[in-house]
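So the number in the working numbering is just where the residue sits in the sequence shown, counting from 1, plus 362.
Backbone N, C-alpha and C fix where the C-beta goes; we use that ideal spot for every residue, glycine too.
Predicted model, so just to flag it, every value in this text is computed and none were measured.
Below: the structure, in structure tokens.
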Amino acid sequence: MPSSKVKAYELQSKSKNDLTKQLNELKTELLSLRVQKILGGSASKLTRINIVRKSIARVLTVMNQKQRQNLREFYKNKKFLPLDLRPKKTRAIRRRLTKREESLKTLKQKKKDIHFPIRKYAVKA
């Protein structure tokens, strides 16, 4: 059972199997600490509960980060991204027309531009 708090940068280099193994170890340790709390364990054991809980959170966070990174790599050159990987921004910005859609002209406007060009006037000096 790990005696000190888990460091996130150490977890980054571990594989998924190692992380799940460590997660299970931490969970069993937390279980035993909670049993000792009920049985009236020492104060040092009770303070350890908080450290173990935070360590579990760190392991889960690193696992989720790795999973999201792998998904980003997988969807890198695909046409569509899953919703949770798209940029959040604001609802209004997401619904706004794209730059290309804004620049497009209707057929009527194109014809109008061709048949009635803007008149150019030369100013006499």
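Collapsed DSSP secondary structure at residue i in the structure displayed
| i | result |
| --- | --- |
| V368 | coil |
| L459 | coil |
| S406 | helix |
| I543 | Look at the range of the chain in this structure, 363 to 487, and you will see that residue 543 is not part of it. |
| S394 | helix |
| S375 | coil |
| L466 | coil |
Whether residue i touches residue j by CB criterion (8 Å)
| i | j | result |
| --- | --- | --- |
| Q398 | K407 | yes |
| I418 | L395 | no |
| L381 | V424 | yes |
| K367 | K416 | yes |
| V421 | L385 | yes |
| Y437 | L445 | no |
Per-residue burial, residue i [other beta carbons within 10 Å of its own, 16 or more giving buried]
| i | result |
| --- | --- |
| R462 | exposed |
| L466 | exposed |
| R457 | exposed |
| L373 | buried |
8 Å Cβ cutoff, residue i in contact with chain B
| i | result |
| --- | --- |
| F478 | In the structure shown, chain B does not exist; there is a single protein chain. |
Stretch pair the stretch 449-457 + the stretch 421-440: three plus CB contacts closer than 8 Å: no
Ordered list of alpha helix (DSSP H) runs contained in the stretch 406-460, each at least 4 residues: 453-457
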